[in-house]
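Chemist:
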Amino acid sequence: MNKNRQIITKEEADKLMAIPGNVKGAVILADLEYAHQKGGGKIIKEIKKRLKELGYPVDIEEIKPMEKYPEALSVLIILLIKEVLNLADEGIFEMGGASIKLSPFIKILTKYFVSPKKCFEQAPKYWEKYFDFGKIEPVEYNEKEGYTILRIIDYRFHPIICIFHKGYFTQVARIVTGKKVIKIEETKCVYRGDPYHEYFISWK
Amino acid sequence: MTNNNLDKIKKELQKTKEDLNDISSYLDDFSTFLPIAVCDLSPAGIIIHINKSFEDVSGFSALEIVGEHLTDIFLEKSKINKILNLTRRREIVKNQEFTLLAKDKKEIIVNAFFSARKSKESNLTGYFLGMIDISSLKELQNEIETKVKRKTKELESRTQEIAESRTALMNMLEDVEESRKALINMLGDVEEERGKAEEEKNKTLAVITNFADGLLVFDTEKKLSLINPRAEDFFSVKSGDLVGRPILELSTFPTVEPVVKLVGGEIKGVFRKEVQIGESLILEVSTIPMIRERNRGL
Chain A
414 MNKNRQIITK EEADKLMAIP GNVKGAVILA DLEYAHQKGG GKIIKEIKKR
464 LKELGYPVDI EEIKPMEKYP EALSVLIILL IKEVLNLADE GIFEMGGASI
514 KLSPFIKILT KYFVSPKKCF EQAPKYWEKY FDFGKIEPVE YNEKEGYTIL
564 RIIDYRFHPI ICIFHKGYFT QVARIVTGKK VIKIEETKCV YRGDPYHEYF
614 ISWK
Chain B
-19 MTNNNLDKIK KELQKTKEDL NDISSYLDDF STFLPIAVCD LSPAGIIIHI
31 NKSFEDVSGF SALEIVGEHL TDIFLEKSKI NKILNLTRRR EIVKNQEFTL
81 LAKDKKEIIV NAFFSARKSK ESNLTGYFLG MIDISSLKEL QNEIETKVKR
131 KTKELESRTQ EIAESRTALM NMLEDVEESR KALINMLGDV EEERGKAEEE
181 KNKTLAVITN FADGLLVFDT EKKLSLINPR AEDFFSVKSG DLVGRPILEL
231 STFPTVEPVV KLVGGEIKGV FRKEVQIGES LILEVSTIPM IRERNRGL
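First to last, the protein sequences are chains A and B.
Numbering-wise (this note's numbering), the first sequence opens with residue 414 and increments by one.
Numbering-wise (this note's numbering), the second sequence opens with residue -19 and increments by one.
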């Protein structure tokens, strides 16, 4: 639970929605499913109401997994889930992990989870299946010492997504390695002046 | 590429997306409807997707269980790893009994089916696991087995009792047989003794009968038990008239009366006393006690 509840303003929403780039509806559906599981139908209604208030009315029930939607809308929905569920950073991290757990695409994405090495190598293809902008770059993979380094390039929507992605990568690493203990650190971040986001993920 | 071609490709792409959405929706509906609990596993054995029935049986939501290893929700952890290895080789492994550890800590017996998922290049991409809750069936089976065990035990106990009774009966029969043999032996001894006694009696009777002196033998109750032929001659009586009478009663026979007077009712000791019988006969009378073990006679 977040002690300092943050309310998204119209100005923030407008600024966010101006950023270009699209994502598959499956990503948004997974986040909405997380909200539904945490708070039920009333939370979904609240999110719809808030989207309308902010000037971006969306018929959530009509979102299709294969259709493309603005990534900004996806990020705005994450911010609204955080707002209505009053989530702290831990909640955002969990939502990132839930995104893979509840994804309607999980059934067809398992071919990327064959092994940590394969997952590392196929990461760019995996990214391209979801996004039509930016990219993910596999930097290093060390099976012996149990770590990998990934970069996300040309992605700058909101700092909350840095936590969300940490949760997401942690869950993917857990699935592909079968290890219980996964550590993740964002070693570089565009919001700290770096040219890209870089994540160091290790397991044992 | 002309604008027409581009429009055509865009339309085709849109149609394909719609078809994919429909397929995805169909698969979701089918997965939700399926009464069998199903989950997808990664090659490492991590749960990556579960259907509605799996949630119902296990009590775990996808949010709680996806990302956990399959061994985390089964009691037979090493067997799970063995079966996954077997499935990798055989592709399908059926009818494996496992104990599912549900969220509420309840242990649910399930019949599990495993299938390997492979890529076009035959590389393992994961596994399917299907399972059916057979707790009720198992409970019924256990009840029947318990009953059968109990009945078998009862039957064994009865058989044991019958065997013990039979042994006891056989022992009794042996005892009876031994007793019978002992009795036969005893009868043989008695018969032998009786024969000896009879022989002795005959010898004695022969001696008494042919004795030159007259003999009167009394029993311990002072009743006449024997009179030899010589005495019958002396007293002119018949044995049948006298035998069995008490000594004092013998005084009613005139020829015997003098002897009765001499010895008295108690048959006192007499040695060579003379008695006048009639006018011409004088008898010399002696009494001798007869000792047979503890009894005394005359």
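C-beta: ideal position from N, C-alpha, C; glycine also.
(1) Taking the beta carbon of Tyr478 (chain A) as the centre, do at least 16 other beta carbons fall within 10 Å, making it buried, or is it exposed?
(2) DSSP three-state label for Ser99 (chain B), please.
(3) Give me the Cα-Cα distance between Thr67 (chain B) and Asn91 (chain B), rounded to the nearest whole angstrom.
(4) Say whether the region 445 to 455 of chain A touches the region 500 to 517 of chain A, bearing in mind that this needs 3 or more beta-carbon pairs closer than 8 Å, one atom from each stretch.
(5) Looking at the unbroken beta strand (DSSP E) that takes in Pro551 (chain A), where does it start and where does it end?
(6) Report all residues from its chain with a CB closer than 7 Å to the CB of Lys421 (chain A); omit the five preceding and five following residues, and keep chain order.
(7) Would Leu515 (chain A) pass as a contact of Leu43 (chain B) if the rule is Cβ separation under 8 Å?
(8) Which same chain residues end up closer than 8 Å to Tyr469 (chain A) when comparing Cβ atoms and leaving out the 5 residues on each side of it in sequence?
(9) Suppose you measure from the CA of Asn61 (chain B) to the CA of Lys579 (chain A); what does that come to, to the nearest Å?
(10) Any idea if Ala177 (chain B) is buried or exposed, counting beta-carbon neighbours within 10 angstroms, 16 or more meaning buried?
(11) Please confirm whether Pro529 (chain A) and Thr590 (chain A) have their CB atoms less than 8 Å apart.
(12) Please tell me whether Ser528 (chain A) has its Cβ less than 8 Å away from any Cβ of chain B.
(13) Helix, strand or coil for Phe198 (chain B), going by three-state DSSP, please let me know.
(14) Compare the C-beta of Gly25 (chain B) against all C-beta atoms of chain A and say whether one is closer than 8 Å.
(15) Look at the alpha carbon of Cys532 (chain A) and the alpha carbon of His610 (chain A), and state the distance between them as a whole number of angstroms.
(16) For the beta strand (DSSP E) that His571 (chain A) lies in, which residues bound it at each end?
(17) How would you write the range of the beta strand (DSSP E) that Ala17 (chain B) sits in, first residue to last?
(18) Looking at the secondary structure, which residues open and close the alpha helix (DSSP H) in which Asn165 (chain B) lies?
(19) Of all the residues that make up the region -6 to 5 of chain B, which are near chain A by a beta-carbon distance shorter than 7 Å?
(20) For the region 14 to 42 of chain B, which residues have a CB atom closer than 7 Å to at least one CB atom of chain A, in sequence order?
(21) Nearest by alpha-carbon distance to Leu109 (chain B): which of B:Ile26, B:Lys248, B:Thr200 and B:Asp9 is it?
(22) In chain order, what residues of the same chain have a beta carbon less than 8 Å from the beta carbon of Phe233 (chain B), not counting five sequence neighbours either side?
(23) Please decide whether Lys542 (chain A) counts as near chain B, where near means a Cβ-Cβ distance under 8 Å.
(24) For a test of the three-state rule: what should DSSP assign to Gln419 (chain A), helix, strand or coil?
(25) Taking the alpha carbon of Ser41 (chain B) as the reference point, which residue from B:Leu50, B:Asn31 and B:His49 has its own alpha carbon closest?
(26) Does chain A have any CB closer than 8 Å to the CB of Ser115 (chain B)?
(27) Tell me which residues share the same chain as Val265 (chain B) and place their Cβ nearer than 8 Å to its Cβ, disregarding the 5 neighbours each side in the sequence.
(28) By the 10 Å Cβ neighbour count, where 16 or more other Cβ atoms means buried, how is Ile576 (chain A) classified, buried or exposed?
(29) For Asn299 (chain B), which residues in chain A fall below 7 Å Cβ to Cβ?
(30) With a threshold of 8 Å between beta-carbons, can Glu466 (chain A) be considered close to chain B, or not?
(31) Who are the Cβ neighbours of Lys455 (chain A) in its own chain at under 8 Å, not counting the five residues just before and after it?
(32) Are the beta-carbon atoms of Pro592 (chain A) and Lys617 (chain A) separated by less than 8 Å?
(33) Using beta carbons (cut-off 8 Å, strictly below), is Tyr612 (chain A) in contact with chain B?
(34) I want to verify the contact list: residues of chain B whose CB lies under 7 Å from the CB of Ala511 (chain A), in sequence order.
(35) Going by other Cβ atoms of all chains shown within 10 Å of its Cβ, with 16 needed for buried, is Gln4 (chain B) buried or exposed?
(36) Considering only residues of the same chain and omitting the five flanking positions on each side of Glu212 (chain B), which have a CB-CB separation below 7 Å?
Modeler: In terms of the structure at hand:
(1) Checking the sequence shown, residue 478 (chain A) turns out to be Pro, not Tyr. Result: buried.
(2) coil
(3) 15 Å
(4) Yes, the region 445 to 455 of chain A is in contact with the region 500 to 517 of chain A.
(5) Lys548 to Asn555
(6) Note that residue 421 (chain A) is Ile in the sequence shown here, rather than Lys. For Ile421 (chain A), where only same-chain residues beyond five positions count, the Cβ hits under 7 Å are Leu467, Leu492, Leu493 and Glu496.
(7) Judged by beta-carbon spacing, Leu43 (chain B) lies within the 8 Å limit of Leu515 (chain A), meaning their Cβ atoms are closer than that value.
(8) For Tyr469 (chain A), the CB contacts under 8 Å within the same chain, skipping 5 residues up- and downstream, are Ala426, Met430, Leu486 and Leu489 in chain order.
(9) 30 Å
(10) With fewer than 16 other Cβ atoms inside 10 Å of its own Cβ, Ala177 (chain B) counts as exposed.
(11) yes
(12) yes
(13) strand
(14) yes
(15) 19 Å
(16) Here His571 (chain A) belongs to no beta strand (DSSP E), and DSSP marks it neither H nor E.
(17) Per DSSP, the unbroken beta strand (DSSP E) holding Ala17 (chain B) starts and ends at Ala17 to Leu21.
(18) Ser115 to Thr189
(19) Lys(-3), Leu0, Asn1 and Ser4
(20) Asp20, Ser22, Pro23, Ala24, Gly25, Ile26, Ile28, His29, Ser41 and Ala42
(21) B:Ile26
(22) Phe215, Val217, Asp221 and Leu222
(23) It does not: the Cβ of Lys542 (chain A) has no partner Cβ on chain B nearer than 8 Å.
(24) coil
(25) B:Asn31
(26) no
(27) Val239, Leu242, Val243, Val250, Arg252, Lys253, Glu254 and Val255
(28) buried
(29) Absent from the model: residue 299 (chain B). The displayed extent of chain B is -19 to 278, so no value can be given.
(30) no
(31) none
(32) Checking the sequence, you will find Lys at residue 592 (chain A) rather than Pro. Their beta carbons are under 8 Å apart, which means Lys592 (chain A) touches Lys617 (chain A) by this criterion.
(33) no
(34) Leu43
(35) At residue 4 (chain B) the sequence reads Ser, which differs from the Gln that was named. Buried is the call here.
(36) Lys218 and Ser219
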